[in-house]
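Residue numbers (the working numbering), protein chains in the order written: chain F, 1 to 292; chain B, 1 to 274. A virtual CB, placed ideally from N, CA and C, is assigned to each residue, including glycine.
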Ligand SMILES: Nc1nc2c(ncn2[C@@H]2O[C@H](COP(=O)(O)OP(=O)(O)OP(=O)(O)O)[C@@H](O)[C@H]2O)c(=O)[nH]1
Ligand SMILES: Nc1nc2c(ncn2[C@@H]2O[C@H](COP(=O)(O)OP(=O)(O)OP(=O)(O)O)[C@@H](O)[C@H]2O)c(=O)[nH]1
Ligand SMILES: [Mg+2]
Ligand SMILES: [Mg+2]
């Protein structure tokens, strides 16, 4: 446990006294190691440790808190502060429908999340339209149709092989025509370094003007998550992030990296394969998980 | 000691950043750099070569494909967590073996995920091989058994069995996987001949946890690193090889049926250090 480890490395400091720069170095190394083991990006961890150091040097050691726990508390607070202190919901359009575009790498969980998000809106009394914007992957349209039928949500589709930009545009037009309050557009998985597919995504965005472009990121992602988030933020523009597959034992440090490099809030966390296994993002819970 | 080896603190830190950012992991990076210090290389080129050699040493010599007793299908079971690339990798392997002149069959033993069998149906048609499937919700072990019986009856050379993605931490799902393996062996003793654990190149340290638990459950005979055409370096395979002795057999380099290559350790290490 990180608190215990820090206490051991601060064992010179038992009574009252300030944490000096010298005795904090080993504690900081321990924290940095823990963050890296949790998949936080190397540079993000480095910057983060600097912030913790500045807060900790000269920090009064509280009488009843061991210095190790004190530093852990600072780390925890800074993690929460970095990741956003409150749940950030989906932005709504002032004139229906609210358009949500889901993007991300292959296999990150977009299609599954599309259904989960649709279910969430449905439960709050707003009937969504799902748009099968992945016309490339074998049976992707079928996958979304099945998920839609399982929750009684309509899916707009033009089959595999159709032009994805056209499908997205027509799907949003359909949502407008039928007065859907929300339309969720799924897209194919793509690499941030695939110029052609990133251009396709920009065309899609221009065609449908989403209120929310959400980057769906696999919660088990490692160092590369920072680069992916950076690319999607710079080359497309995103409004928020969704972290998936956090029902496993991945520490989820990608959450910190993605937030740090994109500046965008993590809005939801997917915690299972079932359609109702979706949670609003809780920064404090994520902080505890990352610290292990 | 650092001065004697020519690996000063600054150089060590620079290498540490490269390795960590390649997902090698903290502990493995420390072991590698400690060994490098002892190697006593002096100068940037010598250090780089020493590092390259030590990584190649970890990866070891690729092992031969197991020899299959003739007269029955070679059974390859694909396993791994959700969304890593199992189904697509299966299609690529099918195409590869078919191109080598073998008679290939696919088994859609993912009976859980929406449109999983349909996805494999599209691939079976594209590659031009038979597929055994049942309805959604069927017992995956039953599909596997069915497929192997059918493969045997038809003189198939290679049977590739797809399974549903599952997190290694889900006990009941791992038990289901063990059952699929047992049932194959029951149908034809000695099968599956290969169990390929598919890992996503973008996965971080969790890949080690995945490898540990999948190893415990179904004894993988090799790894496939999918999505290596992205920017992730999959450095975690070093720790997996060191701790669990698992080799990478193939790498996935794209979404097309031809985007699969045999693992090339030198190219992998060069990309990792670039
Ligand atoms: N355990 C778990 N599995 C998930 C979660 N979200 C999605 N999955 C699974 O992850 C796999 C991939 O999900 P998809 O929704 O197909 O991913 P995708 O991003 O649409 O994939 P592409 O369209 O190919 O890019 C499926 O097996 C899903 O059931 C989650 O939160 N937890
Ligand atoms: N770029 C790239 N994409 C890949 C590669 N392998 C698979 N994919 C893509 O990754 C996504 C998931 O692939 P699947 O084969 O469905 O993965 P899976 O492990 O069978 O997923 P589940 O059955 O849902 O657990 C698809 O969009 C594939 O096209 C690869 O080597 N490179
Ligand atoms: Mg999808
Ligand atoms: Mg699959």
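Spatial neighbours of residue i within its chain, please: C-beta separation below 8 angstroms, excluding the five flanking residues on both sides.
i	result
residue 165(B)	80, 81, 82, 83, 84, 86, 110, 113
residue 54(B)	32, 35, 36, 39
residue 107(F)	189, 218
residue 197(F)	188, 190, 191
residue 145(B)	183, 184, 186, 187
residue 42(F)	36, 223
residue 135(F)	141, 158, 159, 160, 161, 162, 163, 164, 167, 188
residue 263(B)	62, 225, 247, 248, 249, 250, 251
residue 229(B)	252, 253, 254, 259
Among the residues of its own chain, which have a CB less than 6 angstroms from the CB of residue i, if the five just before and after it don't count?
i	result
residue 28(B)	238, 239
residue 154(F)	129
residue 282(F)	none
residue 95(B)	127, 257
residue 56(F)	19, 24, 71, 74
residue 121(F)	128, 182
residue 71(B)	none
residue 118(F)	128, 130, 153, 184
residue 265(F)	84, 88, 240
Consider the Cβ of residue i: report whether some Cβ of chain F lies at a distance smaller than 9 angstroms.
i	result
residue 168(B)	yes
residue 200(B)	yes
residue 128(B)	no
residue 118(B)	yes
residue 172(B)	no
residue 37(B)	no
residue 233(B)	yes
residue 203(B)	yes
residue 236(B)	yes
residue 2(B)	Only weak support exists for where residue 2(B) lies, its pLDDT of 47 falling under 50; the value from the coordinates is given anyway. Chain F contact via Cβ: absent.
residue 53(B)	no
residue 143(B)	no
residue 114(B)	yes
residue 248(B)	no
residue 17(B)	yes
Can you confirm whether residue i, when its beta carbon is compared against all beta carbons of chain B, has any partner nearer than 9 angstroms?
i	result
residue 205(F)	no
residue 143(F)	yes
residue 220(F)	yes
residue 236(F)	no
residue 128(F)	no
residue 68(F)	no
residue 75(F)	no
residue 50(F)	no
residue 118(F)	no
residue 164(F)	no
residue 172(F)	no
residue 186(F)	no
residue 106(F)	yes
Using a Cβ-Cβ cutoff of less than 7 angstroms, which residues in the same chain neighbour residue i once the five nearest sequence positions on both sides are dropped?
i	result
residue 80(F)	283, 284, 287
residue 210(F)	99, 100, 101
residue 289(F)	251, 252
residue 176(B)	140
residue 179(B)	141
Does any CB atom of chain C fall closer than 9 angstroms to the CB of residue i?
i	result
residue 103(B)	Reference to chain C is not applicable here, since the protein chains of this structure are F and B.
Legend entry - Contiguous beta strand (DSSP E) assignments of at least 3 residues, all confined to the region 163 to 193 of chain B: none
task: Would you list, in sequence order, the uninterrupted alpha helix (DSSP H) runs of no fewer than 4 residues that lie entirely inside the region 81 to 123 of chain B?
output: 86 to 99
To be precise: take each residue of the region 92 to 103 of chain B, compare its Cβ to all Cβ atoms of chain F, and keep it if any distance is under 7 angstroms. Which residues remain? none
Give me the pocket residues for ligand 3, defined as CB within less than 7 angstroms of any heavy atom, sorted by chain position. Cβ atoms closer than 7 angstroms to ligand 3 belong to 110(F), 111(F), 134(F), 137(F), 140(F), 143(F), 186(F), 188(F), 189(F).
Open item on the list: Threshold first: 3 residues or longer. Then list the beta strand (DSSP E) segments lying entirely within the region 174 to 251 of chain F, N to C.
Closed with: 182 to 185, 212 to 218, 240 to 244
Starting from the N-terminal side, write out each stretch of the beta strand (DSSP E) that is 3 residues or longer and does not extend beyond the region 225 to 252 of chain B.
248 to 252
Tell me which residues pass a beta-carbon proximity test against ligand 4: closer than 5 angstroms to any heavy atom, given in chain order.
Going along the chain, the residues that qualify are 86(B), 87(B).
task: Check each residue of the region 227 to 252 of chain F: if its Cβ is closer than 7 angstroms to any Cβ of chain B, include it; give the result in chain order.
output: 227, 245, 247, 248, 249, 250
Counting only Cβ-Cβ distances shorter than 8 angstroms, please list the residues of the region 22 to 41 of chain F near chain B, keeping chain order. Those residues of the region 22 to 41 of chain F placed with their C-beta closer than 8 angstroms to a C-beta in chain B are 33, 36, 37, 38, 39, 41, ordered along the chain.
Worksheet item: Counting only runs that start and end within the region 76 to 162 of chain F, where is the beta strand (DSSP E) found for 3 or more residues in a row?
Response: 98 to 103, 128 to 131
Note to self: Using a Cβ-Cβ cutoff of 7 angstroms, what residues of the region 203 to 223 of chain B are near chain F? List them in chain order.
What the structure shows: 203, 204, 205, 206, 209
Review point. Closer than 9 angstroms, Cβ to any Cβ of chain B: which residues of the region 135 to 161 of chain F, in chain order?
Key: 136, 137, 138, 139, 140, 141, 142, 143, 144, 145, 146, 147, 150, 160
- Message: Can you pull out the residues from the region 264 to 285 of chain F whose beta carbon lies closer than 8 angstroms to at least one beta carbon of chain B?
- Response: 273
Item to complete: May I ask you to list, following chain order, the residues of the region 67 to 90 of chain B that have a beta carbon less than 9 angstroms from some beta carbon of chain F?
Response: 81, 82, 83, 84, 85, 87, 88
Next on the checklist: Short of 8 angstroms Cβ to Cβ, which residues in the region 254 to 272 of chain B face chain F?
Outcome noted: 255
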